[in-house]
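Protein chains in written order, with this note's numbering: chain Z, 1 to 773; chain H, 1001 to 1137. Glycine is no exception: its CB is placed at the ideal position from the N, C-alpha and C atoms.
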């Protein structure tokens, strides 16, 4: 247990420690941030030998055992594959960030956020319990929010951060709904257990709802249509963050969940059509929009959306071949897209712009960067012998062997080829458009290569693109096949090879490259590539409208409810109380007051209560604020006297003190209050006020009687009386209840008290500050 | 409006109030009292002082920021809850033991007292924070 938990905890320890180490480490902070990342990577690596032989490990720590919520971790082929990807990319990105960030930036904060994300993401892929997974899922959203908004002074960063948070957290809420339904249906939250009851789930009438909710979470996280629009705005983040979170790891969390849910929810027609449909639409929408971007990062963002769609749709048919193709492409995409992002970061860092129109013929100036961009872009286009070619071949192969309806076997493969035309086209526009060409613009006067350290990270990734393309067998056997096996069960798929004769998939690849090349050559003039889309039809505009509408609704509601007229606010609150309580009281409890066992009422009690009522009436008749306050104090004192008579010394003491404190408080603010004005109230208003008062008073009386009548639940008072000394070690039952039996409540109450005090403080200070200005 | 009698008497009475509130705090587990009541009483004592003298005087005597006090209280209560988790018990499990000290006789020590102490600090800090801000305005 300890070792696996360390994979998650080490980055978090690092995140907690970095801000404190800043004065000591200074500029070397980024270097030391590598340490926890490397440790996590190595620990994950140590699981590879056993996992690649088909073993898996489960570790559980009870969390809320009563609810079936455990902190349980699951080390199997899939989680190790993802964890290696996350920790490995994390290492490279941390290394790269050291060069990318300006020394004047708030480095400790940046690296702490990065490590926070790394731990959360590792926790997400290692979780076995769905609630554990959900908690980590939300933590990745939060750390993504912090990282996108890292440049707090830029409006685009703030907008992108808020949008990403809202969309992914809304998706997370949908996912939580799905998770809860799953656990209600099967009685477990552990994913290894869930797969066993997949038949029950698929036959349940709730199945479409669960599927819809889970996929909503997936779409929000993995930027699938129609929730893809947050990803391009998230590009306001520092580029290494975009490379890490928004292309290599976090946006793959949705795909990871699809993998995990495939044995549970997959295999139905509904799954097949929804997942394939969402994936294909995203594939095309992302591809088309990618062609219409000036900004290199926006282009990469849309191409990421498109590629995520390409992976997503392969999970729809859920054959062993298609899942293998998806897993391969997921890995390959992380490699070439990670490299591309980091290289765009270099171009931005060296040239000061990411605008495609300003960047041409950079190859003579940036030969190394240019070569690496070439490798990565061609890998994305699927040119042999690079890794992208491999996953494209596997995709075509999987689609051709798909069992489909008669006469439709050509449909999915040809859609895939058509979609990949777009992939080839935007891949070419990244390399050819920027690095080749004849006319060098004024920009590249003092443009030169960055330091070797900055190039190292993308160079390693590009190296993997080549190596994995030429020698796929090595990584396949160790990491990728175990990942496929843990989704689909042990399979005996033929080994992946770079070249297997002039088969149909190879022909299709050739067609893809030729078609994409042609599209690129003629596309500029014919389809207006590079001209941005009008924003009115984008989904982002829908988001903006929705945000405006929510703000408008909020303003409307607060205008209605917070009129600034105290009497009205009090009446709203009390009226709501009466309405919300009387319904369940009348309909559910049925108010049986006949069985009451009340103590006999003594004469002196009647006297005190009569005095109390007189006092309360007198408060309403007071002419001046001071007399009202003093009369109110008198009422309070009478109440505490009543407590004494009823033998409740603790309550009496509390009441007495609170009465004193509030009296002082009143006296402090009294001089700010205006004198009471004589109000001439209409007959109707008087009746209404009296009506509300009577209803509230009546409700409280009924509630008290019900609480005493033991009709709903048996009283636990005797338990407290008997066990106070035995379990709590105290003879004052009230105190033992407060600090021990009901300690959790008290914890909440003191927290609320602190929040209220800070609230008062903030409100008044805020007003004072405004006054000074 | 400064009254010499009120000021002098309050300064004397203040310590009695403080002492009594501590007494309430300590005996709370077995007799009427406890962190909440003691906290309110301390706060009322300090308030009385601030009305009889002035707020600046109180700030001079009472150096701790109310905000800080509330935070310390919350942390104390939380720690009391977390410590049993180190020993494998659920959050906020309490325990108690008896100590035989010379002169004092049998003294009961309950872990819930530290929780109560947290409540005390939160109540003093929270109440003072609210009232001092209002009074300063």
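Whose Cβ in chain B lies nearer than 7 Å to the Cβ of residue 1100/H?
-> You won't find chain B in this structure, because its protein chains are Z and H.
Which chain Z residues sit within Cβ distance under 9 Å of residue 1065/H?
-> Near residue 1065/H there are no residues of chain Z at all, since even the closest Cβ is about 11 Å away, more than 9 Å.
Kindly give me the distance between the Cβ atoms of residue 382/Z and residue 512/Z, rounded to whole angstroms, as I take these residues to be in contact under 8 Å.
-> 6 Å
In chain order, what residues of the same chain have a beta carbon less than 8 Å from the beta carbon of residue 1061/H, not counting five sequence neighbours either side?
-> 1049
Residues within the segment 717–734 of chain Z neighbouring chain H, beta-carbon criterion of under 7 Å | 728, 729, 730, 731 and 732
6 Å Cβ shell around residue 322/Z - same chain, five flanking residues per side excluded = 314 and 398
Given that residue 744/Z touches chain H, what residues does it touch there, using C-beta distances under 8 Å?
-> 1091 and 1092
Beta-carbon of residue 159/Z versus every beta-carbon of chain H: anything under 8 Å?
-> no
Is residue 59/Z close to chain H, meaning its C-beta is less than 8 Å from at least one C-beta of that chain?
-> no
Residue 74/Z, enclosing beta strand (DSSP E) - first and last residue | 69–75
Any contact of the segment 81–97 of chain Z with the segment 37–45 of chain Z, i.e. 3+ C-beta pairs under 8 Å?
-> yes
Could you check what DSSP says for residue 535/Z in three-state terms: helix, strand or coil?
-> With a pLDDT of 47 at residue 535/Z, under the threshold of 50, the modelled position of that residue is not reliable, and the figure given next carries that caveat. Helix.
Under a three-way DSSP split, which group does residue 1097/H fall into?
-> strand
Check whether the Cβ atoms of residue 372/Z and residue 390/Z sit closer than 8 Å, and answer yes or no.
-> no
Sub-8 Å separation of residue 468/Z and residue 540/Z beta-carbons = no
Of all the alpha helix (DSSP H) runs that stay within the bounds of the segment 227–269 of chain Z, which reach a length of 4 or more residues?
-> 230–233, 239–243 and 253–265
Would the beta-carbon of residue 192/Z fall within 8 Å of that of residue 128/Z?
-> yes
Cross-strand partners of residue 64/Z (DSSP beta bridge) | 69/Z
Does any C-beta atom of chain H lie closer than 8 Å to the C-beta of residue 584/Z?
-> no
Pick out whichever of 169/Z, 210/Z, 683/Z and 162/Z has its Cα sitting closest to the Cα of residue 177/Z.
-> 210/Z
Are the C-beta atoms of residue 1073/H and some chain Z residue less than 8 Å apart?
-> yes
Cβ of residue 115/Z within 8 Å of Cβ of residue 14/Z?
-> yes
Hey, could you find the ends of the alpha helix (DSSP H) residue 664/Z is sitting in?
-> 649–670
Who are residue 129/Z's beta bridge partners in DSSP?
-> 190/Z
In chain Z, which residues lie with their C-beta within 7 Å of the C-beta of residue 1096/H?
-> 729
Along the chain, where does the alpha helix (DSSP H) that runs through residue 430/Z open and close?
-> 411–435
Quick one, which of 1042/H, 1122/H and 1134/H has its alpha-carbon nearest residue 1019/H's?
-> 1042/H
Since residue 649/Z meets chain H, which of its residues come closer than 7 Å, beta carbon to beta carbon?
-> 1032
Interface residues of chain H facing residue 629/Z [CB-CB closer than 7 Å] | Those do not exist, as residue 629/Z stays about 15 Å from chain H at its closest Cβ, beyond 7 Å.
Would you report the Cα separation of residue 231/Z and residue 286/Z, rounded to the nearest angstrom?
-> 11 Å
Take residue 278/Z and list the residues in its own chain whose beta-carbon comes closer than 8 Å to its own, dropping the five residues that flank it on each side.
-> 215, 219, 224, 225, 309, 312 and 313
Pull up the distance between the alpha-carbon of residue 403/Z and that of residue 213/Z, whole angstroms please.
-> 28 Å
Residue 479/Z and residue 48/Z look like a contact to me (Cβ under 8 Å); what is the Cβ gap, rounded to whole Å?
-> 7 Å
Unbroken beta strand (DSSP E) runs of length 3 or more, entirely within the segment 459–498 of chain Z: which are they?
-> none
Are residue 789/Z and residue 293/Z touching if we call contact CB-CB under 8 Å?
-> A question about residue 789/Z goes unanswered here, because the residues of chain Z that appear run from 1 up to 773.
Does the Cβ of residue 458/Z have 16 or more other Cβ atoms within 10 Å, making it buried, or fewer, making it exposed?
-> buried
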